[in-house]
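Student:
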Amino acid sequence: MALDGTYTGLKASVADWLNRQDLTSQIPDFITIGEARMNRKLRVLQMETLSDGTSADGLVAVPSDWLETRTFRLEDPTAGQQILEYVGEEEFDQLEASGLTSTTRYYTIINGAFQVLPVPTAAVSYDLRYYAKIPALSGTNASNWLLLKSPDLYLYSALLGATVFLKDDDRLPLWAGAWNEITEDMKMESERAKRPTTRLRTVKSTFG
22 MALDGTYTGL KASVADWLNR QDLTSQIPDF ITIGEARMNR KLRVLQMETL SDGTSADGLV
82 AVPSDWLETR TFRLEDPTAG QQILEYVGEE EFDQLEASGL TSTTRYYTII NGAFQVLPVP
142 TAAVSYDLRY YAKIPALSGT NASNWLLLKS PDLYLYSALL GATVFLKDDD RLPLWAGAWN
202 EITEDMKMES ERAKRPTTRL RTVKSTFG
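The sequence shown maps to residues 22 to 229 in the working numbering.
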């Protein structure tokens, strides 16, 4: 079965590439290991998402699919929109102990929640832009955006996920090299996609 954008097709392709038809029960684990690797390494446009809402106590729950924050903003009733600065837990404690007041400027992550400082005196609106986990494939989730966009990356990720199980496999350097090349290409593609093309169209229009 070809890589057809489905979980079933991916499992079949992994078995074919490994030249092993006796790993039916292990291949889902290889794919899961590959997904964990991609979540650690890959940061592209399609992973960016937005969570917004209000907070009355200076706490915002970390989304279940959160990987990494891009920006965390609060809409302060008096100071307007503020982009908050991340500080480590120890520095946060020091700032809090200093009796810091006025506009909310900082945040950290404690016990599964974003905590801001100084704590607003009234409910505030927030928006959190972050990189989200790749939706995991399973028997009930047959596909996702990454498998459809880059089936080759999914395949190599699963093959690399199998290397510990297979032990000494001389194909590992080839798979690792292909994985690295694809991820770098995707990152470059993502950066190009973020760049506006207005100026380029204007230049073409000006010079014919």
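Glycine included, each C-beta is placed from N, C-alpha and C at the ideal position.
Measuring straight from C-alpha to C-alpha, what distance separates Glu89 and Leu105?
Tutor: Walking along the sequence shown from the start, residue 89 turns up at place 68. Walking along the sequence shown from the start, residue 105 turns up at place 84. Their Cα atoms are separated by approximately 15 Å.
Student: Distance, Cα to Cα, Asp73 vs Asn201?
Tutor: To locate residue 73, count along the sequence shown from 1; it is residue 52. To locate residue 201, count along the sequence shown from 1; it is residue 180. Those two C-alpha atoms are separated by around 34 Å.
Student: Is Thr125 closer than 7 Å to Pro139 when the C-beta atoms are compared?
Tutor: If you number the sequence shown from 1, residue 139 lands on position 118. If you number the sequence shown from 1, residue 125 lands on position 104. Cβ distance < 7 Å, so Pro139 and Thr125 count as in contact.
Student: Does DSSP classify Ala57 as helix, strand or coil?
Tutor: On the sequence shown, residue 57 is found 36 positions in, with the first residue counted as 1. Helix, per DSSP.
Student: Among the residues of its own chain, which have a CB less than 7 Å from the CB of Gly26, if the five just before and after it don't count?
Tutor: As a first step, residue 26 is located in the sequence shown; it is residue number 5 there, counting from the start. Ser164, Leu168, Leu169, Pro172, listed in sequence order.
Student: Could you check the C-alpha separation between Ser85 and Asp189 for me, to the nearest Å?
Tutor: The residue you call residue 85 lines up with position 64 of the sequence shown. The residue you call residue 189 lines up with position 168 of the sequence shown. Each residue's Cα considered, the two are about 36 Å apart.
Student: Is the segment 105-114 close to the segment 76-83, with three or more CB pairs under 8 Å?
Tutor: Judged by Cβ distances under 8 Å, the segment 105-114 makes no contact with the segment 76-83, as fewer than three pairs qualify.
Student: Roughly how many whole angstroms lie between the Cα atoms of Phe93 and Arg150?
Tutor: Taking the sequence shown and counting its residues from 1, the one referred to as residue 93 is at position 72. Taking the sequence shown and counting its residues from 1, the one referred to as residue 150 is at position 129. Using only the alpha carbons, I get a separation of about 6 Å.
Student: Using the Cβ count rule (16 or more neighbours within 10 Å means buried), how would you classify Val185?
Tutor: As a first step, residue 185 is located in the sequence shown; it is residue number 164 there, counting from the start. Exposed: under 16 other Cβ atoms inside 10 Å.
Student: In chain order, which continuous runs of the beta strand (DSSP E) of length 3 or greater are located wholly inside the segment 79-141?
Tutor: Fully enclosed beta strand (DSSP E) runs of 3 or longer: 80-82, 87-97, 101-104, 127-131, 134-138.
Student: Taking the alpha carbon of Asn60 as the point to measure from, which residue in Ala153, Gly198, Ser123 has its own alpha carbon closest?
Tutor: Reading the sequence shown from its first residue, position 39 is the one you call residue 60. Closest by alpha carbon: Ala153.
Student: Alpha carbon to alpha carbon, what distance is there between Ala57 and Ala179?
Tutor: On the sequence shown, position 158 is the one that residue 179 refers to. On the sequence shown, position 36 is the one that residue 57 refers to. In a straight line, the C-alpha of Ala179 is about 10 Å away from that of Ala57.
Student: If I follow the unbroken beta strand (DSSP E) through Ser211, where does it start and stop?
Tutor: Taking the first residue of the sequence shown as position 1, residue 211 is located at position 190. Here Ser211 belongs to no beta strand (DSSP E); instead the alpha helix (DSSP H) covers 193-215.
Student: Do Ala134 and Ala77 count as a contact pair if the criterion is CB distance below 7 Å?
Tutor: As a working note, residue 77 is residue 56 in the sequence shown. As a working note, residue 134 is residue 113 in the sequence shown. Cβ distance not < 7 Å, so Ala77 and Ala134 don't count as in contact.
Student: For chain D, check one thing: does any of its Cβ atoms lie closer than 7 Å to the Cβ of Glu106?
Tutor: Absent here is chain D; the protein component of the structure consists of one chain.
Student: Secondary structure at Val145, three-state DSSP: helix, strand or coil?
Tutor: Working through the sequence shown from its first residue, we reach residue 145 at position 124. Of the three classes helix, strand and coil, the one that applies to Val145 here is strand, per DSSP.
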